[in-house]
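One point on numbering: in UniProt numbering, the residue at position 263 of the sequence shown is 263, and numbering is uninterrupted.
Beta carbons are placed, not taken as given, at the ideal position from N, Cα and C, and that holds for glycine.
Below is one structure, written out as structure tokens; comments come after it.
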Amino acid sequence: MHISRVDLNLFIVFEAIYTEGTVTRASQQLNLTQPAISHALNRLRSMFDDPLFVRQGNSMVSTPLARSIIEPVRQALRGLEMTLTDNGKFDPSQARKQFNLGLRDVLESTVLPPIVESITQQAPEINLAAFQVERRELASELAAGTLDVAIDMLLPLPPEIRRQQVSRDTTVVLARKDHPLIKRNLNLKQYLEAEHILASSRRKGMGLEDFELSRLGLQRRIRLRCQHYFAACRVVSQSDLLLTMPEAYARIVNQQFTNQILALPLTMPSWDVYLYWHQNLDSDPANCWLREQIMQAFG
Numbered sequence: 001m002h003i004s005r006v007d008l009n010l011f012i013v014f015e016a017i018y019t020e021g022t023v024t025r026a027s028q029q030l031n032l033t034q035p036a037i038s039h040a041l042n043r044l045r046s047m048f049d050d051p052l053f054v055r056q057g058n059s060m061v062s063t064p065l066a067r068s069i070i071e072p073v074r075q076a077l078r079g080l081e082m083t084l085t086d087n088g089k090f091d092p093s094q095a096r097k098q099f100n101l102g103l104r105d106v107l108e109s110t111v112l113p114p115i116v117e118s119i120t121q122q123a124p125e126i127n128l129a130a131f132q133v134e135r136r137e138l139a140s141e142l143a144a145g146t147l148d149v150a151i152d153m154l155l156p157l158p159p160e161i162r163r164q165q166v167s168r169d170t171t172v173v174l175a176r177k178d179h180p181l182i183k184r185n186l187n188l189k190q191y192l193e194a195e196h197i198l199a200s201s202r203r204k205g206m207g208l209e210d211f212e213l214s215r216l217g218l219q220r221r222i223r224l225r226c227q228h229y230f231a232a233c234r235v236v237s238q239s240d241l242l243l244t245m246p247e248a249y250a251r252i253v254n255q256q257f258t259n260q261i262l263a264l265p266l267t268m269p270s271w272d273v274y275l276y277w278h279q280n281l282d283s284d285p286a287n288c289w290l291r292e293q294i295m296q297a298f299g
């Protein structure tokens, strides 16, 4: 079929359904009625002679054909969007768009508030969506355009993924107020005598501080392994366990607790956080604007 006979708006609907997973959310994203979305989907199904999406419960699950064409469709739509941008300009006050951020949950509390504050003041019709993406899939998601940018630690990514350092953080130790081992400061002997919490999304493996201890031939006792720093902070406030974590996030999650924030008695590399994007978007006005907001948010 020649492209002159194809309504390109159908591919915008296709991408929205694929991303949102339901006709309802796709209609909300595109500001169209659900019957309009369903009509467009029926035309797509007829065009490709494939159902493209199959309903399972409340979700629309993509068929193998839909999964095979989504990346070319996204790249084509992004190319058209860049081509149609008025003389390479981007006006956030007029733009209607959603930016997708790849973001670890540990960074959401520090990154999102200042970004949202900046964007809501400048861009009333721009939305943000933050997703946690497997690190091994980060490069492909940025290349496919499913993510506009990502924020994470220093990662070994291919050269087509650009990066810029946005922050550097230190490591601290949290202990409850009136901890029996700690009077004013925390030394290495006290650190090793105490029992610890390791907050990690991984089921096994050492924390960064454990690697540094192992270099010195030392080992600490991990009494609890959990997934989130917030839960770990609460456990610290009600026990004699210590928690080692990045300082900036510690000062946020610890606000409702009375835990002490102490210097780590161990030399540790800094927590360097980077902003990542694909080289194809180096000069994209919208992406440049988003990266500028993120850099300002980190201050």
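task: Indicate whether the contact test is met: 3 or more Cβ pairs, each with one atom in the segment 217-234 and one in the segment 272-284, closer than 8 Å.
output: Three or more Cβ pairs closer than 8 Å define a contact, and the segment 217-234 falls short of that threshold against the segment 272-284.
Three-pair Cβ contact test at 8 Å for the segment 260-267 versus the segment 158-175: Judged by Cβ distances under 8 Å, the segment 260-267 makes contact with the segment 158-175, as three or more pairs qualify.
- request: In angstroms with no decimal places, state the Cα-to-Cα distance between residue 79 and residue 70.
  value: Residue numbering aside, residue 79 sits at position 79 when the sequence shown is read from its first letter. Residue numbering aside, residue 70 sits at position 70 when the sequence shown is read from its first letter. As the crow flies, the alpha-carbon of residue 79 is around 14 Å from that of residue 70.
message: Looking at residue 244: is its Cβ nearer than 7 Å to the Cβ of residue 212?
response: Within the sequence shown, numbered from 1, the residue matching residue 244 stands at position 244. Within the sequence shown, numbered from 1, the residue matching residue 212 stands at position 212. Not a contact, by the Cβ cut-off of 7 Å.
message: Would you say the beta carbon of residue 75 is closer than 6 Å to some non-hydrogen atom of the ligand SAM?
response: Within the structure as shown, the ligand SAM is missing, as the structure has no ligands at all.
- request: Specify the secondary structure class of residue 263 as computed by DSSP and reduced to three states.
  value: For the purposes of this step, residue 263 is taken as residue 263 along the sequence shown, with counting starting at 1. In the three-state scheme derived from DSSP, where H, G and I count as helix and E and B as strand, residue 263 is classed as strand.
query: Which of helix, strand or coil does DSSP assign to residue 65?
result: For the purposes of this step, residue 65 is taken as the residue at position 65 of the sequence shown. Residue 65 falls in the helix class under three-state DSSP.
message: Taking a contact to mean a Cβ-Cβ separation below 7 Å, would you say residue 196 touches residue 220 in this structure?
response: Taking the sequence shown and counting its residues from 1, the one referred to as residue 196 is at position 196. Taking the sequence shown and counting its residues from 1, the one referred to as residue 220 is at position 220. Going by C-beta atoms, residue 196 is nearer than 7 Å to residue 220.
message: With a threshold of 7 Å on Cβ separation, who are the neighbours of residue 350 within its own chain once the five nearest residues in sequence on each side are excluded?
response: Residue coverage of the chain in this structure runs from 1 to 299, which leaves residue 350 outside it and unanswerable.
Local conformation of residue 79 per DSSP, three classes: Here residue 79 refers to the residue found at position 79 when the sequence shown is read from its first residue. Correct three-state label for residue 79: helix.
query: What did DSSP end up calling residue 11 once you bin it into helix, strand or coil?
result: On the sequence shown, position 11 is the one that residue 11 refers to. In the three-state reduction of the DSSP assignment, residue 11 falls in the helix class, which pools H, G and I.
task: Could you tell me whether the Cβ atoms of residue 52 and residue 63 are closer together than 7 Å?
output: In the sequence shown, the residue the question calls residue 52 occupies position 52. In the sequence shown, the residue the question calls residue 63 occupies position 63. Closer than 7 Å, so yes.
query: Can you find at least 3 beta carbon pairs, one from the segment 115-127 and one from the segment 90-100, that sit closer than 8 Å?
result: Cβ pair count under 8 Å is three or more, so yes.
query: Just the Cα atoms here: how many angstroms apart are residue 293 and residue 190?
result: By one-based count along the sequence shown, residue 293 stands at place 293. By one-based count along the sequence shown, residue 190 stands at place 190. One C-alpha to the other measures close to 42 Å.
query: So, is residue 178 buried or exposed, given that buried needs 16 or more other C-beta atoms within 10 angstroms?
result: Taking the sequence shown and counting its residues from 1, one reaches residue 178 at position 178. Exposure of residue 178 is indicated by the presence of fewer than 16 other C-beta atoms within 10 angstroms of its C-beta.
- prompt: When the distance is taken between beta carbons, is residue 16 closer than 7 Å to residue 30?
  reply: Position 30 of the sequence shown, counted from the first residue, corresponds to residue 30. Position 16 of the sequence shown, counted from the first residue, corresponds to residue 16. At the C-beta level, residue 30 and residue 16 come within 7 Å of one another.
task: With a 10 Å radius around its C-beta and 16 neighbouring C-beta atoms as the bar for buried, classify residue 110 as buried or exposed.
output: If you number the sequence shown from 1, residue 110 lands on position 110. Burial call: buried.
message: Do residue 149 and residue 101 have their beta-carbon atoms positioned less than 7 Å apart in this structure?
response: In the sequence shown, the residue the question calls residue 101 occupies position 101. In the sequence shown, the residue the question calls residue 149 occupies position 149. Going by beta carbons, residue 101 and residue 149 fall inside the 7 Å limit.
query: If you drop the 5 nearest sequence neighbours on each side, which residues of the same chain put their C-beta closer than 7 Å to that of residue 127?
result: Numbered from its first residue, the sequence shown carries residue 127 at position 127. Hits under 7 Å: 98.
- prompt: Out of curiosity, what's the CA-to-CA distance linking residue 199 and residue 225?
  reply: Translated into positions along the sequence shown, residue 199 becomes position 199. Translated into positions along the sequence shown, residue 225 becomes position 225. Distance between the alpha carbons of residue 199 and residue 225 is about 6 Å.
- prompt: residue 193: buried (16+ other C-beta within 10 angstroms of its C-beta) or exposed?
  reply: Position 193 of the sequence shown, counted from the first residue, corresponds to residue 193. By the 10 Å Cβ count, residue 193 comes out exposed.
query: Could you give the distance in angstroms between the alpha-carbon of residue 54 and the alpha-carbon of residue 131?
result: Locating residue 54 in the sequence shown gives position 54, counting from the first residue. Locating residue 131 in the sequence shown gives position 131, counting from the first residue. Cα to Cα, residue 54 sits roughly 24 Å from residue 131.
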